[in-house]
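Undergrad: To convert, note that position 80 of the sequence shown is 80 in the numbering used here; the numbers rise steadily by one, no gaps.
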Amino acid sequence: MEKAIYLKELNEKLNELYYQSNIAAWNLSTTGKDEYAVQAEHADLEMRLFLADKQRFDTVNSMLAGRDLEEFERRQLTLIHDMMVENQLDKETLQQLVSKQIALQGITTKFRGTIDGKEVNNKQIEEILRSSTEDDLRKKAWLASKQVGIVLEPGLMELIKLRNESAVKLGYANYYEMSIQLQEFDGEWLKQTLESYRDQTDTLFRRVKDSIDQAVGKRLGVDPSRLMPWHMSDMFFQEAPRTSDIDLSVYFEGKGDHIVEELATKTYDAIGLDIRDIIARSDLYERTGKDQHAFCLHLDNKGDVRVLANLRPNETEMETLLHEMGHACYDKYTDMSLPEVLRQPAHIFTTEAVAMFFGRMARDPKWYKQMVGIDDANLQRLEGDLPVAIRNQMLVATRWITHFALFERELYRTEKSDSRLWYQGVQSIQYLNAPEERFEKPDWAAKYHFAMAPVYYHNYLLGEMLASQLDHTLRTKADGKVLTPEGGRWFVDNVFTPGAKYSWNTMIEHATSEKLNPSYLVQQFNY
Ligand SMILES: [Zn+2]
């Protein structure tokens, strides 16, 4: 009985701290006001101190060691334990970890690369890589995007060493291994999953990359075999350059200011999920001072789910809203009678998978037929071009993620800034020609996530894998008709309602009759 009361109080207290932190984060993101930045920092610190409390950590550990725990008590304690581990460090180390990361964030925010001595921001660089046909300018823009790497690298390597030191103090081999384990993964399993995905997509990606090279070479007037990273349409070859001239904006532009919101409501209506209450609480349109990145927040963990977005009438924003509403429905339809800590998705990558599943619809010809109501001639055009576009994008993005994640693992294992290893991955995983003159330059460090979102990237790949597995399960169960009330019901009963009651692979097994199976992602786009 005492145990049950302790657990209940622990849940309530954590939820209160989580709520305070969310309110501050929401207010900060919607206004950009300094007072909320102060509140957000304060709320984060409160949460951290609560999780750092040694006596509380000991109590949780001794409860976990006890034999008389019920299944869901153990699950709650495990989740709370995993949140506590990282905070079991002395105050000085914790502060150093935070301040070093903030310092790197500061550099990233302020730094501007230069082209011929003139400062350029990332938007300008992206614009050049997307549309310029001037070879020289493209290369200069690409090089400008890498300049921040040289500035960031020393501090980043220091931070990586400090992260490793603190993980060793906590009894782990290094920071990467600690983070992976606290995310309920086995390090060896994850490495094999990444490598096996790379191997299974080699032939297909070779074909996709060849077709991209042909199209890009033709557009830029460069021999396809001589294409360099700056000929692709973004800084790290995360996106597939356009190979078709199909223009989806005609279905959004000039259709009213709220077209994206209306189509999202209609889509979720079709599967019997009501997002009107979520929309009513959300902040969906551009305003000065507002955060430019879209996200979903379950504010109080009691049903107050909101989305922040900056909608414009185009297909990119359509994908964004369908994606964020996927997260939102997961949160909204979780069983609210569960203890607070179980009232969340089974894993960050399972909610990512649901969001990706819905986001993908913005490039599905059938969605345009059913939701936008296009005629047969246009449907035929989309059916000719969109599957190729989405396949190219999926392959380019997932090969990039694989490269990033495998490199990051080595980074923490060796504590070496190995630029050659980075470019080996660029060649052998992304199939790009690598510029020899950059083999000694820390170009990898220019990617924001190494400093700001460490050991997170693999979740994007696992999310895509699960999105394809969910897609496969639904198609088999619903005769290929995914956008039906039965489809929505299936999500609610099998994925959303259980929340975090089960560990991620158990939830997946309950829902799809097998554990996470990466081959569905390979199969879905193997054409
Ligand atoms: Zn997401």
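Here a beta-carbon is modelled for each residue, glycine too, at the ideal position from N, C-alpha and C. Being a predicted model, the structure only gives us computed values, none of them experimental.
Extract the residue ranges of the beta strand (DSSP E) inside the region 298-368, only unbroken runs of 3 or more that lie entirely within it.
TA: Segments of the beta strand (DSSP E) lying fully in the region 298-368: 305-308.
Undergrad: Using the Cβ count rule (16 or more neighbours within 10 Å means buried), how would you classify residue 106?
TA: Flag for residue 106 reads exposed.
Undergrad: I need the residues with a C-beta less than 6 Å from some heavy atom of ligand 1; please give them in chain order.
TA: Those residues are 323, 327, 352, 355, given in chain order.
Undergrad: Just curious, the beta strand (DSSP E) that residue 260 is in, first and last residue?
TA: Per DSSP, residue 260 belongs to no beta strand (DSSP E); it is in the alpha helix (DSSP H), 259-270.
Undergrad: Any idea which residues DSSP pairs residue 115 with across the strands?
TA: Note: residue 115 sits in a beta bridge opposite 118.
Undergrad: Please work out which residues of its chain come closer than 7 Å, Cβ to Cβ, to residue 193, disregarding the five sequence neighbours upstream and downstream, and give them in chain order.
TA: Within the same chain, residue 193 has close Cβ partners 518.
Undergrad: Out of 389, 290, 271, 299, point me to the one whose CA is closest to residue 484's CA.
TA: Of the listed residues, the one whose Cα sits closest to residue 484 is 271.
Undergrad: Please state whether DSSP places residue 491 in a helix, a strand or coil.
TA: The answer is helix: DSSP assigns residue 491 an H, G or I state.
Undergrad: Would residue 267 be called buried (16 or more neighbouring beta carbons within 10 Å of its own) or exposed?
TA: Flag for residue 267 reads buried.
Undergrad: Are at least three pairs of beta-carbons, each pair with one atom in the region 497-509 and one in the region 343-352, less than 8 Å apart?
TA: Touching, per the Cβ criterion.
Undergrad: With three or more beta-carbon pairs closer than 8 Å as the criterion, would you say the region 397-411 touches the region 450-460?
TA: Touching, yes.
Undergrad: Assuming residue 152 and residue 362 are in contact, meaning their beta carbons sit under 8 Å apart, how far apart are those beta carbons, in whole angstroms?
TA: Not quite, the Cβ-Cβ distance comes to about 34 Å (not below 8 Å), so this is no contact.
Undergrad: Assign residue 398 to buried or exposed, taking buried as 16 or more other Cβ atoms, counted over all protein chains shown, within 10 Å of its Cβ.
TA: Buried, because 16 or more other Cβ atoms sit within 10 Å of the Cβ of residue 398.
Undergrad: Of the choices 340, 477, 312, 305, whose alpha-carbon is the least far from that of residue 324?
TA: Closest by alpha carbon: 305.
Undergrad: Within the region 138-193, note down every full alpha helix (DSSP H) run reaching 4 residues or more, in order along the chain.
TA: Those alpha helix (DSSP H) runs which fall completely within the region 138-193 and span 4+ residues are 175-182.
Undergrad: Under the DSSP definition of a beta bridge, which residues are partnered with residue 58?
TA: Beta-bridge pairing links residue 58 to no other residue.
Undergrad: Nearest to residue 343 by alpha carbon, out of 370, 301, 328, 380?
TA: Minimum Cα distance to residue 343 is reached at 301.
Undergrad: Residue 528 by DSSP, collapsed to three states: which one?
TA: Outside the shown range of the chain (1 to 527) lies residue 528, about which nothing can therefore be said.
Undergrad: Considering only the beta carbon of each residue, do residue 448 and residue 114 sit closer than 9 Å?
TA: Not closer than 9 Å, so no.
Undergrad: Classify residue 127: buried if its beta carbon has 16 or more other beta carbons within 10 angstroms, exposed otherwise.
TA: Looking at its Cβ environment, which holds fewer than 16 other Cβ atoms inside 10 Å, residue 127 is exposed.
Undergrad: For a test of the three-state rule: what should DSSP assign to residue 277, helix, strand or coil?
TA: It is helical.
Undergrad: Rounded to the nearest angstrom, how far is the Cβ of residue 353 from that of residue 467, given a contact under 8 Å?
TA: That belief holds up - the Cβ atoms of residue 353 and residue 467 are roughly 5 Å apart, short of 8 Å.
Undergrad: Tell me, which residues are paired with residue 295 by DSSP?
TA: DSSP output for residue 295 lists 308 as bridge partner(s).
Undergrad: By Cβ distance, which residues of its chain are closer than 7 Å to residue 252, with the 5 residues on each side in sequence left out?
TA: Only 259, 260, 313, 314, 315, 318 meet the Cβ criterion.
Undergrad: Taking buried to mean at least 16 other C-beta atoms within 10 Å of its own C-beta, is residue 21 buried or exposed?
TA: It is buried - the Cβ of residue 21 has at least 16 other Cβ atoms within 10 Å.
Undergrad: I need the boundaries of the alpha helix (DSSP H) containing residue 208, first residue and last residue.
TA: 202-220 is the extent of the alpha helix (DSSP H) around residue 208.
Undergrad: In the DSSP assignment, find the unbroken alpha helix (DSSP H) run with residue 91 in it and report its ends.
TA: Start and end: 91-110.
Undergrad: By alpha-carbon positions, which one of 340, 329, 289, 355 ends up nearest to residue 320?
TA: Closest option to residue 320, Cα to Cα, is 355.
Undergrad: Hey, out of 58, 52, 130, whose CA is closest to residue 92's CA?
TA: Closest by alpha carbon: 52.
Undergrad: Can you tell me the Cα-Cα spacing of residue 529 and residue 131, whole angstroms?
TA: Any question about residue 529 goes unanswered here, given that the chain covers just 1 to 527.
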